[in-house]
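One structure is given here, and the rest of the page talks about it.
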Amino acid sequence: MRFLTVSDEVVPAIYSLSIKDRFPEIQTVLGCGDLPPYYLEFIVTMLGVSCFYVRGNHDKVEYSESGEVLDAPRGCISLEGRCVYHEGLLLAGLGGSLRYNRDSGAQYTESEMLRRVWLLTPRLLLNRLRYGRYLDILLTHAPPLGIHNGPDFPHRGFRALLLFMERFAPRYLIHGHIHRSYGFSAVTETHYRHTTVLNTAGYRLLTVDALAQEHATSTDREAS
Ligand SMILES: [Zn+2]
C-alpha cells in the first residue's frame, strides 16, 4: 500500500493541479491534523483515493457559501478513537495535542489521552484474535513523549503514546505537530521498540506491505 501522509502545512507541490502527475502511485492518504478541510478534500478529489485523518490542535474551520460551518473534510474518514481494517492494514487514530491552554479544539491532558488509549483497547484485542496483531499504523497529531518533541510544552509528546507502543506494538506511529520549518527536531524517523515513529509535518511518501491475514492466533488453533 502506497501512502501519502500530510499534516500541518499546505504544500504547494500537493495543492497543485499536477498532483496526479507528481504522485501517480498513491493509493491512500493519511492526514495527521492542523490542516484546513479544503486541502484534504482537494487531495482526495484529485487522486481519487481514500483518506483517513485525525484532528490537530489548530484544525481550521471553513464556511460554505450558505454560511454552514465546515469543520471536517468531506469525503474523508475520521479515525479519531477508532480502528478500521483497510485493504489488509489495521489503522487507528488518536489526534490532538497536550492541553496547554483553555482554547477549544483537540487538546487533551495526559490522563485524558490515556483514557482514549484504553477505550481503543477492546478493538485492539479483537484485532489480535482475528488478524494475529493489534495494529499496523497509529495516526496521531502529537508525537510520543521524548520523540521528535519540540522545546516548549505545547510541542511535548504524550507518555500515553509510549505506553501504546509498548503494549500494542504498531508497525508505524505517524504524527505531525512538529513543524520542521520552525527549526524543531530535524530528526523525523525514530525506532522505538517494534514501532517506526515518523514525523509527517509537510508530507511524506510511505509504502507499507499488507500482512497475510491470520484468522486465529496459535493459542486459538491449539485450543480448537
Ligand atoms: Zn499542532
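So in the working numbering the end of the sequence shown lands on 220, straight run, no missing numbers. For every residue, glycine included, the Cβ atom is placed at its ideal position computed from N, Cα and C.
Listed in chain order, the non-local C-beta contacts of D205 below 8 Å within the same chain comprise M(-3), local neighbours out to five positions each way being set aside. About 16 Å separates the CB atoms of T186 and I133; that is not less than 8 Å, and the two are not in contact. Put simply, the region 188 to 200 does not touch the region 107 to 116. Fewer than three CB pairs are less than 8 Å apart. The region 3 to 13 makes no contact with the region 152 to 164: fewer than 3 CB pairs, one atom from each, lie closer than 8 Å.
Within the same chain, and ignoring the five residues on either side of G84 in sequence, the residues whose Cβ sits closer than 8 Å to its Cβ are M(-3), A206, L207 and Q209.
Straight through space, the alpha carbons of H82 and I39 are spaced by roughly 19 Å. The secondary-structure analysis by DSSP pairs P140 across a beta bridge with F154. The straight-line gap separating the alpha-carbon atoms of R95 and F19 is approximately 36 Å. Contact annotation: L169 and L0 have beta-carbon atoms that are not nearer than 8 Å. When DSSP reads this structure, L201 sits in a beta bridge with L0. Residue burial annotation: Y130 is buried, with at least 16 other C-beta atoms found within 10 angstroms of its C-beta.
For S74, same chain residues with a beta-carbon under 7 Å away, outside a window of 5 residues either side, are Y49 and A68 in chain order. With a threshold of 7 Å, the Cβ atom of D30 counts as near ligand 1, since some heavy atom of the ligand is closer than that.
For N53, the shortest separation between its Cβ and any heavy atom of ligand 1 lies below 7 Å. Non-local C-beta neighbours of V6 in its own chain, meaning closer than 8 Å and more than five positions away in sequence, comprise L31, P32 and Y35, ordered along the chain. Distance from the CA of E108 to the CA of E76, rounded to the nearest whole angstrom, comes to 14 Å.
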